[in-house]
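Notes to accompany the following structure.
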Amino acid sequence: MAKNNNKFPKNVGIIMDGNGRWALKNSLQVSQGHKKGVDTVREIVEVSVEKKIKSLTLYAFSSENWQRPKSEINAIKNLVIDAINDQVPELKEQRVQLKFFGHLEEFGNKVINKIKYAESETNFEDPKLNLNIALSYGGQQDILDIVKGIAADVLDKKINLKDIDQKIISEFSCAPVESIDLLIRTGGDKRVSNFLLYQIAYAEIMFIDKFWPDFKKTDFIECLNNFKKVSRRFGKRL
Ligand code: IPE
Ligand code: IPE
Ligand code: MG
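The opening position of the sequence shown corresponds to residue 5 in the working numbering, with each subsequent residue numbered one higher.
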């Protein structure tokens, strides 16, 4: 019989969904749901450090989320700034390296400057955890950018057509993670909503019914323990 994998995942990705419905359920504004969601992020980061996860990649705002009401987008922009101000000291203490990726320029200078500050403050040589936050990110847009980037370098003769491989594709992706071992989506929907399409090729995917603000440390630990029980075959006959 195939053996359990028996290890915690190295690279975890999370689609943090359900803030809006959590707010509705609690008769609060959507922005309050997003705010509560930041508290969950803090808890999940703590567990990730404790359990020696290598990287945690969080989907915070998708390319498609620009279609939401202006007021919600503004609340999210302000929340990014507040969360960085609040959490950078704690992240530094825990030796967590922060990186943001996606079309960050769409967020404007105020957010971009805060992101630069957060990244430079947490730029550890030997971080305990890499915390990657996807903002204005879409997997299809990323693939398009990868194709354009590689094509431009081929035209400039910096890359030979025959040398294009999976490693080069990863290098051209804006996502700072090569492959995801465990992908969790909260909020009950069973879809990937354009998150890390290339990198989730062999991810174990767990769909959790709880809304993101209700997702607790114990829920995350349960996911990590369930991951240990999975037999990861990667196409082989074990
Ligand atoms: C996820 O929560 C956070 C973002 C997309 C910014 P939602 O805001 O999508 O929550 P629901 O899905 O409406 O409940
Ligand atoms: C996915 O959630 C994006 C983030 C969690 C940032 P959405 O709420 O935007 O996805 P859909 O609309 O349910 O696919
Ligand atoms: Mg949603």
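No residue lacks a Cβ here, since even glycine has one placed at the ideal position from N, Cα and C.
{"Item": "Verify the contact flag: Arg-25, CB atom, against every heavy atom of ligand 1, threshold strictly below 6 Å.", "Value": "yes"}
{"Item": "What number of angstroms, rounded off, separates the C-alpha of Pro-131 from the C-alpha of Val-84?", "Value": "22 Å"}
{"Item": "Starting from the N-terminal side, write out each stretch of the beta strand (DSSP E) that is 3 residues or longer and does not extend beyond the region 177-206.", "Value": "186-189"}
{"Item": "With a threshold of 6 Å, establish whether the CB of Asn-69 neighbours any heavy atom of ligand 2.", "Value": "yes"}
{"Item": "Which same chain residues, not among the five before or five after Asn-127, have their C-beta less than 7 Å away from its C-beta?", "Value": "Gln-101"}
{"Item": "The alpha helix (DSSP H) spanning Gly-41 covers which residue range?", "Value": "34-54"}
{"Item": "Would you check if there are 3 or more beta carbon pairs closer than 8 Å linking the region 115-124 to the region 69-88?", "Value": "yes"}
{"Item": "Thinking C-beta only, is Ile-137 closer than 7 Å to Ser-177?", "Value": "no"}
{"Item": "With Val-115 as the anchor, note down where its alpha helix (DSSP H) starts and where it stops.", "Value": "113-125"}
{"Item": "Quick check: the Cα distance between Glu-95 and Leu-133, rounded to an integer number of angstroms?", "Value": "Per the sequence presented here, residue 95 reads as Leu, with Glu not at that position. So the alpha carbons of these two residues sit roughly 9 Å apart."}
{"Item": "Count the other CB atoms, across all protein chains shown, that sit within 10 Å of the CB of Asp-185; report buried if there are 16 or more and exposed otherwise.", "Value": "buried"}
{"Item": "Does the contact criterion of 3 or more C-beta pairs under 8 Å hold for the region 190-197 versus the region 160-170?", "Value": "no"}
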